[in-house]
Amino acid sequence: MSHATRTDLIRALERALPAGAVLYEAETMRPYECDGLSAYRELPIAVALPETVEQVQTVLRLCNEHGVPVVARGAGTGLSGGALPLANGVLLGLAKLNRILEIDPDGRTARVQPGVRNLAISEAASRHGLYYAPDPSSQIACSIGGNVAENSGGVHCLKYGLTVHNVLAVKLLTIDGELLEIGSSAPDSPGYELLALLNGSEGMLGVMVEVTVRLLPKPERTQVVLAAFDRIELAGEAVARIIGAGIIPAGLEMMDNASIRAAEDFVHAGYPVDAAAILLCELDGTNEEVSEQIMAVRQLLLQAGATDVHSALDETERQRLWAGRKNAFPAVGRISPDYYCMDGTIPRKHLGRVLARIDELSRSFNLRVANVFHAGDGNLHPLILFDANQPGELARAERLGEKILELCVEVGGTVTGEHGIGVEKLNPMCSQFNAAELSQFHAIKAAFDPMGLLNPGKAVPTLHRCAEFGRMHIHDGALPFPELPRF
């Protein structure tokens with residue numbers, strides 16, 4: 002983009018937005034140069050911070066007219082580089098669209114703007130005896146728009162589902178500013194099922210400006226059980242026993258010794274620091290069913306080889322036990338200069354095999370790995386510890402991460418469970434999908450965004466990239482399927 006065109010666009014944005022809502026000096030844009038994946042950083046042409054839906058429409062229309070890419074950003078807590086700015090694009094910050102528009106206790110729904118924090122929905126619904134179930138570890142900060150874009154999960158997604166299972170409707174803007182309403186607060190809505198497509202679309206199809214979510218009644222009783230194991234494979238066996246018995250816990254989480262020690266030192270949650278692994282199993286429902294399931298789960302855990310099984314005695318202890326798990330990521334940050342958080346999903350039956358292989362890869366790459374994950378649904382979060390100040394360690398950590406994701410695909414899993422693809426997992430995507438599938442993804446993108454201006458270069462690799470990565474053989478440069486625009 003020429004300097005004159007850049008200046009024209011910035012001036013047009015300044016006329017359309019309130020004073021101070023357009024940032025273009027390098028230092029003022031630094032807070033927006035990356036999301037939670039801080040290894041990748043870039044400064045955009047400008048940062049636009051609209052306050053209304055109409056202002057968002059104007060920003061999109063101006064960028065469309067100038068042929069300038071747009072990257073939408075929520076709270077910036079994403080871990081895959083999905084909100085990484087583009088040097089030739091505008092970063093569209095949605096944090097100021099942060100109003101809860103309606104809580105409908107009778108319909109058990111909430112209508113919110115994209116900048117509303119995840120936890121704020123449950124706080125607002127609490128007085129009606131309701132809450133919003135998906136609870137990412139970053140729920141105190143992450144925004145609902147970003148949750149939809151990445152199809153976020155959380156510790157309670159085993160029983161209550163991911164974001165996609167709890168969103169009833171969205172309003173989104175296309176790149177030319179057209180407002181679309183998808184879904185309904187009714188049990189069903191006419192037309193194609195596009196909600197599932199938009200959840201996890203990573204800002205590539207449209208910009209969310211309103212989300213209607215499902216609220217659930219608070220359970221009569223909630224209780225968590227902590228079980229310690231002297232071998233991590235036994236913890237994996239315990240997970241299989243619980244699910245196999247037909248019990249679906251509200252949450253079923255596993256931590257290995259490295260993450261246990263880090264979390265205990267940081268939060269003082271009461272974890273047994275000598276355990277090879279712990280399971281946190283939370284049960285909720287009526288008082289009668291929780292009492293029955295607690296006894297059954299205790300028996301299953303002991304049969305699986307647990308060395309200790311302890312139930313939280315009250316709500317304070319329950320919150321403390323979960324605080325250790327939810328603060329595991331920052332806790333690990335205290336024992337290593339840097340860490341790289343992976344996100345892959347596997348069939349539960351392969352848990353022991355995959356963890357053993359991760360340990361082998363860790364020793365092969367000479368990098369420590371701390372494991373924290375949603376054991377109930379097989380969503381792994383290996384934390385690769387490294388020091389970016391040591392030459393080559395970041396590249397080695399990234400390569401180890403790719404190996405772990407390739408392993409997930411090998412056993413029938415996928416390269417992401419809730420963090421999205423962003424820029425982080427473009428190469429592993431080549432391992433999971435073939436040329437025909439990737440071409441179809443690009444065709445869907447083109448249907449919503451013909452010029453490829455919404456978050457280009459993210460989530461879906463081109464066929465050429467996959468060929469260069471060595472995961473797709475293309476004869477003499479000829480593609481097996483026509484190459485669509487490189488977004």
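Just add 1 to wherever you are in the sequence shown, counting from 1, and you've got my numbering.
Think of the CB as a built atom: it goes at the ideal place given N, C-alpha and C, for glycine as much as any other residue.
Given the structure is predicted, the values throughout are model-derived calculations rather than measurements.
Identity of the residue in Leu216, Asp309, Met209, Gly184 nearest Ala239 by Cα | Asp309
Can you find at least 3 beta carbon pairs, one from the stretch 87-104 and one from the stretch 176-195, that sit closer than 8 Å?
-> no
From Glu419, Pro457, Gly377, pick the residue whose C-alpha is nearest to that of Gly247; which is it?
-> Gly377
For the alpha helix (DSSP H) containing Gly237, list its first residue and its last residue.
-> 233-245
Would you check if the distance between the CB atom of Gly271 and the CB atom of Thr346 is smaller than 8 Å?
-> no
Determine the DSSP secondary structure at Ala13, reduced to helix, strand or coil.
-> helix
Of all the options Lys446, Ser432, Leu281, Ile145, which has the alpha carbon lying nearest to the alpha carbon of Gly413?
-> Comparing C-alpha distances from Gly413 to each of Lys446, Ser432, Leu281, Ile145 shows the shortest one belongs to Ser432.
Sequence-distant residues of the same chain with beta carbon closer than 8 Å to Leu38, five excluded per side | Gly79, Leu80, Ser81, Gly82, Leu85, Gly423, Val424, Glu425
Would you call the CB atoms of Gly252 and Leu217 closer than 8 Å?
-> Inclusion of Gly252 and Leu217 in the CB contact set at 8 Å is not warranted, their separation being larger than that value.
Classification of Gln56 by the beta-carbon crowding that lies within 10 angstroms, buried from 16 upward = Around the CB of Gln56, 16 or more other CB atoms lie within 10 Å, so the residue is classed as buried.
How long is the line joining the alpha carbons of Asp177 and Arg364, rounded to whole angstroms?
-> 51 Å
Return no unless some Cβ of chain C is closer than 8 Å to the Cβ of Leu439.
-> Absent here is chain C; the protein component of the structure consists of one chain.
Beta-carbon spacing of Ala436, Leu464 below 8 Å | Yes, they are a contact pair.
Could you name each continuous beta strand (DSSP E) segment of 3 residues or more that falls completely within the stretch 19-97, going from the start of the chain to the end?
-> 47-49, 71-74, 91-94
If you drop the 5 nearest sequence neighbours on each side, which residues of the same chain put their C-beta closer than 8 Å to that of Glu43?
-> Glu34, Cys35, Leu85, Pro86, Leu87, Ala88
Extent of the continuous alpha helix (DSSP H) run through Leu196 = 196-199
Whole angstroms is fine: what's the gap from Leu480's alpha carbon to Asn428's?
-> Confidence in Leu480 is poor, its pLDDT being 38 and thus under 50, which makes the residue's placement unreliable; the coordinate value appears in the next sentence. Those two C-alpha atoms are separated by around 18 Å.
Taking the alpha-carbon positions, what's the Gly379 to Gly155 distance?
-> 12 Å
Would you kindly report the start and end of the unbroken beta strand (DSSP E) that includes Val370?
-> 370-375
How about Arg326 and Glu254: are their beta carbons less than 8 Å apart?
-> yes
Name the DSSP beta bridge partners of Ser144, please?
-> Arg118
Inter-residue Cα distance where the pair is Leu24 and Val226 = 49 Å
Kindly indicate which three-state DSSP category Phe434 falls into: helix, strand or coil?
-> coil
Buried or exposed: where does Phe118 fall if 16 or more other Cβ atoms within 10 Å of its Cβ makes it buried?
-> For clarity, residue 118 is Arg in the given sequence; the question names Phe instead. Around the CB of Arg118, 16 or more other CB atoms lie within 10 Å, so the residue is classed as buried.
Could you pull out every residue in the same chain whose Cβ sits closer than 7 Å to the Cβ of Lys160, ignoring the five residues on either side in sequence?
-> Ile249, Pro250, Ala251
What residue range is occupied by the uninterrupted alpha helix (DSSP H) comprising Glu399?
-> 394-411
Determine which residues share a DSSP beta bridge with Thr415 and list them.
-> Thr346
Out of curiosity, what's the CA-to-CA distance linking Leu352 and Glu265?
-> Distance between the alpha carbons of Leu352 and Glu265: 24 Å.
With hydrogens ignored, establish whether the beta-carbon of Pro191 is closer than 7 Å to any heavy atom of the ligand FAD.
-> The model on display carries no ligand, and the ligand FAD is accordingly not part of it.
Give me the Cα-Cα distance between Leu198 and Ser144, rounded to the nearest whole angstrom.
-> 19 Å
Ignore the nearest five residues each way along the sequence and tell me which others in Arg400's own chain have a CB closer than 8 Å to its CB.
-> Phe366
How is Leu485 classed by DSSP in three states: helix, strand or coil?
-> Any reading at Leu485 needs caution, since the residue's pLDDT is 39, under 50, leaving its predicted position unreliable; the model's value is listed next. Coil, per DSSP.
Using the C-alpha atoms, what's the distance from Thr223 back to Ser292?
-> 10 Å
Met2 by DSSP, collapsed to three states: which one?
-> coil
Whose C-beta lies closer than 8 Å to the C-beta of Arg16 among residues of the same chain, with five residues either side of it excluded?
-> So no residue of the chain qualifies.
Let me know the secondary structure DSSP gives Pro331 once reduced to three states.
-> helix
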